[in-house]
Amino acid sequence: MLAFLIKRLIQAVVVMFVISIISFSIQDNLGDPLRELVGQSVSEAERELLRDKLGLNDSFLVQYVRFAGKALQGDLGNSYFFKKPALEVILAKLPATLDLVFGATLIIVFLSIPLGVFSALKPQSIFSKLIMGLSTVGISIPVFLTAICLIYIFAIELSWAPAFGRGDTGSFLGLWDTSFLTIDGLSHLILPCITLASIMLPLFIRLIRSEMLEVLQSEYVRFAWAKGLSPSRIHYIHALKNTMLPVITVGGVQIGTMVAYTILTETVFQWPGMGFLFLEAVNRVDTPLIVAYMIVVGGIFILVNTIVDLIYGLVNPTVKLIRSK
Amino acid sequence: MSKHSTPNINGKGNNHVYTLQERFFRSHFWHSLKVDLVAQICFLVFILYVFMAIFAPLIAPFDPYDPVSIDIMNSELPPSWSEGGESDFWLGTDNQGRDLWSTILYGTRVSLMIGIGAVLLQAFIGICVGLIAGYKGGRLDSLLMRIADVQLSFSTLMVAIIVLAVFQASFGTELYQELAMVMLILVIGIAEWPQYARTVRASVLAEKEKEYVDAARVIGLSNTRIMFRHILPNTLSPILVISTVQVANAIISEAALSFLGLGMPISEPSLGSLISSGFEYIFSGAWWITMIPGAVLVILVLVMNLLGDWLRDVLNPKLYKD
Numbered sequence: 001m002l003a004f005l006i007k008r009l010i011q012a013v014v015v016m017f018v019i020s021i022i023s024f025s026i027q028d029n030l031g032d033p034l035r036e037l038v039g040q041s042v043s044e045a046e047r048e049l050l051r052d053k054l055g056l057n058d059s060f061l062v063q064y065v066r067f068a069g070k071a072l073q074g075d076l077g078n079s080y081f082f083k084k085p086a087l088e089v090i091l092a093k094l095p096a097t098l099d100l101v102f103g104a105t106l107i108i109v110f111l112s113i114p115l116g117v118f119s120a121l122k123p124q125s126i127f128s129k130l131i132m133g134l135s136t137v138g139i140s141i142p143v144f145l146t147a148i149c150l151i152y153i154f155a156i157e158l159s160w161a162p163a164f165g166r167g168d169t170g171s172f173l174g175l176w177d178t179s180f181l182t183i184d185g186l187s188h189l190i191l192p193c194i195t196l197a198s199i200m201l202p203l204f205i206r207l208i209r210s211e212m213l214e215v216l217q218s219e220y221v222r223f224a225w226a227k228g229l230s231p232s233r234i235h236y237i238h239a240l241k242n243t244m245l246p247v248i249t250v251g252g253v254q255i256g257t258m259v260a261y262t263i264l265t266e267t268v269f270q271w272p273g274m275g276f277l278f279l280e281a282v283n284r285v286d287t288p289l290i291v292a293y294m295i296v297v298g299g300i301f302i303l304v305n306t307i308v309d310l311i312y313g314l315v316n317p318t319v320k321l322i323r324s325k
Numbered sequence: 326m327s328k329h330s331t332p333n334i335n336g337k338g339n340n341h342v343y344t345l346q347e348r349f350f351r352s353h354f355w356h357s358l359k360v361d362l363v364a365q366i367c368f369l370v371f372i373l374y375v376f377m378a379i380f381a382p383l384i385a386p387f388d389p390y391d392p393v394s395i396d397i398m399n400s401e402l403p404p405s406w407s408e409g410g411e412s413d414f415w416l417g418t419d420n421q422g423r424d425l426w427s428t429i430l431y432g433t434r435v436s437l438m439i440g441i442g443a444v445l446l447q448a449f450i451g452i453c454v455g456l457i458a459g460y461k462g463g464r465l466d467s468l469l470m471r472i473a474d475v476q477l478s479f480s481t482l483m484v485a486i487i488v489l490a491v492f493q494a495s496f497g498t499e500l501y502q503e504l505a506m507v508m509l510i511l512v513i514g515i516a517e518w519p520q521y522a523r524t525v526r527a528s529v530l531a532e533k534e535k536e537y538v539d540a541a542r543v544i545g546l547s548n549t550r551i552m553f554r555h556i557l558p559n560t561l562s563p564i565l566v567i568s569t570v571q572v573a574n575a576i577i578s579e580a581a582l583s584f585l586g587l588g589m590p591i592s593e594p595s596l597g598s599l600i601s602s603g604f605e606y607i608f609s610g611a612w613w614i615t616m617i618p619g620a621v622l623v624i625l626v627l628v629m630n631l632l633g634d635w636l637r638d639v640l641n642p643k644l645y646k647d
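The listed protein sequences derive, respectively, from chains A and B.
Counting in our numbering, the first sequence runs from 1 upward without gaps.
Counting in our numbering, the second sequence runs from 326 upward without gaps.
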């Protein structure tokens, strides 16, 4: 277990290192920091002096080491637009994005498992066929189109839910601002969360269905039938447990995808989260903010993937945590 | 190399045209198509789309790329069947006064071109990597698959958004818009190669144990020849199955990127940028600028996904998990 953990950590460090090099070269090549700092009137000689002083004439390696050292202390430079530390700006928007991801995950978990299991247990029923048909349609609708349709139907035509913004937030134990605690916040949350969930839902329903179908054919389930266990015990305890194993792995990978889709969802709903901020930063060529976003998101990816691998190792007793050679 | 033998293949093909045709009509594939109504409809719709895309300049009543033919006074006209519509523009006009039907035809063309282009690139990289990794094995294999794993763990869309955003910021918007189509094909193409690499590698691992490969080796054929001429043809059915779905995914990715303003410019719109340009007008009731291209896009992607499902059932390749 420990060896596995260390191996994963080394891998995480390598990936983080690659991300930091990429982010650094972006920062190095994108825009001129001097232009942001001084006006037109500064002479070329003074510019050169300032360049030396800021260390912009040092070699790539020296500059990178300096960048990495600062980054490790949480200093990713100041955002050009907000005139505040970039990391602070990004992290201030993190709760809004997490609200979305959390809400969408709730919807996915509570819908995909029952629907997937049902369509595996009764593959011939009309309802199952409907689920599968709808899930194919669901995969084929791009997320921004789902969002636009939802806005058009529920916000413009029916005016049931607001079309944009985050609404009021409540404070959770004084640590965290979340939309889940106020009615207004919830009403703002509902359309974006459905949108975000709509991408993953068909995928998970199909995955759970196919895994479950496979598990139901396996030896041990037949043995359980032979032993005379009750159907519900076989289905929900024996079969479902093994169905969920691959679902966990896929789930981990999909969380990364979900972060990407928050950019789209937040753009359509003008949701004040990290993704929306990132696109604004791109339009303003706010390099430190772009870099900070990449590092934060990269970090989230790696963290989630590592945790998922560990959980998988814990849940599945047959998995060999260290690959035997 | 396979180049030497190209004329050889052609020669063979010419002598057996009739047999090939006959073989096609007697095939399991053709038979499955004949009995499946949904698949037939999907095929027809897909062919219709391809036809629309290829002949867009002939079908379209207006040229949306030509500023002379556009009159801003015609902007935001509703479809001809609803109130206030004009018979000249049967699907209405967009916010710049372009005929929506013509713009959709050209947009479908752009979307399909990017989707197919990106998938060809994915397939090329992925097949080469997969063949080499599977056939050579050993350290090279684990290194290549490690890279594929890491790349897969970052979602395509995320990578594409960041890469394109950085390019747009460093090129400047104008130059970027000129290069948009090439960039989209490159980015979507490079981001998704692991899908092919894994599928091909898994099939190669199974094929490489078979006797015909041993036989080819005993004759003394080169590794390259064995990989590309002997093993590759036997991995085609999984490649075909994932290709349909990959084209659908590439088209969706392109639409999403264009929607974010990182894809095709509005002067040369794909379906995604059309939807994006109409989004601002949806609040003022001009639903058609968004919804009609949206429906066109969804039907295209849906048809491709259904075809992919159907192909998987018919060809029934072993689609390996991991």
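Think of the CB as a built atom: it goes at the ideal place given N, C-alpha and C, for glycine as much as any other residue.
Computed from a prediction, not measured in an experiment: that's the story for all the values here.
For residue 275 (chain A), the enclosing alpha helix (DSSP H) begins and ends at 274-283. Interface criterion not met: the Cβ of residue 505 (chain B) is under 7 Å from no Cβ in chain A. Annotation: residue 428 (chain B) has no Cβ neighbours in chain A at a cutoff of 8 Å; minimum Cβ distance is about 17 Å. If you look at residue 518 (chain B), you'll find it in the alpha helix (DSSP H) that goes 518-532. Judged by beta-carbon spacing, residue 119 (chain A) lies beyond the 7 Å limit of residue 201 (chain A), meaning their Cβ atoms are not closer than that value. In the DSSP assignment, residue 225 (chain A) falls within the alpha helix (DSSP H) that extends over 219-227. Of the other Cβ atoms in all chains shown, fewer than 16 fall within 10 Å of the Cβ of residue 84 (chain A); this residue is therefore exposed.
Taking all protein chains in view, the Cβ of residue 419 (chain B) is crowded by 16 or more other Cβ atoms within 10 Å, so the residue is classified as buried. Cα atoms of residue 439 (chain B) and residue 78 (chain A): separation of roughly 38 Å, rounded to the nearest angstrom.
According to DSSP, residue 424 (chain B) shares a beta bridge with B:418. Here DSSP, grouped into helix, strand and coil, assigns residue 85 (chain A) to strand.
If you look at residue 581 (chain B), you'll find it in the alpha helix (DSSP H) that goes 561-584. Between the alpha carbons of residue 441 (chain B) and residue 427 (chain B) lies a gap of roughly 21 Å.
A contact between stretches requires three or more CB pairs, one per stretch, nearer than 8 Å, and the region 191-200 of chain A meets this requirement with the region 132-143 of chain A. Chain order gives the chain B residues near residue 253 (chain A) as 477, 478, 480, where near means a beta carbon separation below 9 Å. Nearest CB-CB separation between residue 432 (chain B) and chain A: not below the 7 Å threshold.
The secondary-structure analysis by DSSP pairs residue 78 (chain A) across a beta bridge with A:85. Residue-level contact check: residue 152 (chain A) touches chain B, since one or more beta carbons of chain B fall below 7 Å from its beta carbon.
Closest in alpha carbon position to residue 315 (chain A), among A:247, A:155, A:138, is A:247.
For residue 630 (chain B), the closest C-alpha among the options B:612, B:574, B:512 is that of B:574.
Residues of chain A whose Cβ lies closer than 7 Å to the Cβ of residue 615 (chain B) are, in chain order, 148. 490, 491, 493, 494, 495: these are the residues of the region 488-505 of chain B whose beta carbon lies less than 8 Å from some beta carbon of chain A, given in chain order.
Note on geometry: alpha-carbon atoms of residue 344 (chain B) and residue 350 (chain B) lie some 10 Å from one another. By the Cβ test, the region 206-220 of chain A is not in contact with the region 66-75 of chain A, since fewer than three Cβ pairs between them sit closer than 8 Å.
For residue 138 (chain A), the uninterrupted alpha helix (DSSP H) run begins and ends at 126-140, by DSSP. Non-local beta-carbon contacts of residue 93 (chain A) in its own chain, meaning distances under 6 Å to residues more than five positions away in sequence, involve 273, 274, 277 in chain order.
If you look at residue 476 (chain B), you'll find it in the alpha helix (DSSP H) that goes 463-478.
Contact check for residue 252 (chain A) against residue 305 (chain A) passes: the beta carbons are separated by less than 7 Å. Annotation: residue 204 (chain A) to residue 49 (chain A) spans about 58 Å, alpha carbon to alpha carbon. Counting only Cβ-Cβ distances below 8 Å, residue 371 (chain B) has no contacts in chain A at all, with the closest Cβ about 13 Å away. CA-CA distance, residue 583 (chain B) to residue 502 (chain B), rounds to 11 Å.
Residue 479 (chain B) counts as buried, since at least 16 other C-beta atoms from the protein chains shown sit within 10 angstroms of its C-beta. Of all residues in the region 628-639 of chain B, those with a C-beta nearer than 9 Å to a C-beta of chain A are 628, 629, 630, 631, 634, reading in chain order. One alpha carbon belongs to residue 444 (chain B), the other to residue 183 (chain A), and they sit about 46 Å apart.
Of all alpha-carbon atoms in A:229, A:235, A:266, A:307, the one lying nearest the alpha-carbon of residue 249 (chain A) is that of A:307. With a threshold of 7 Å between beta carbons, residue 368 (chain B) makes no contact with chain A.
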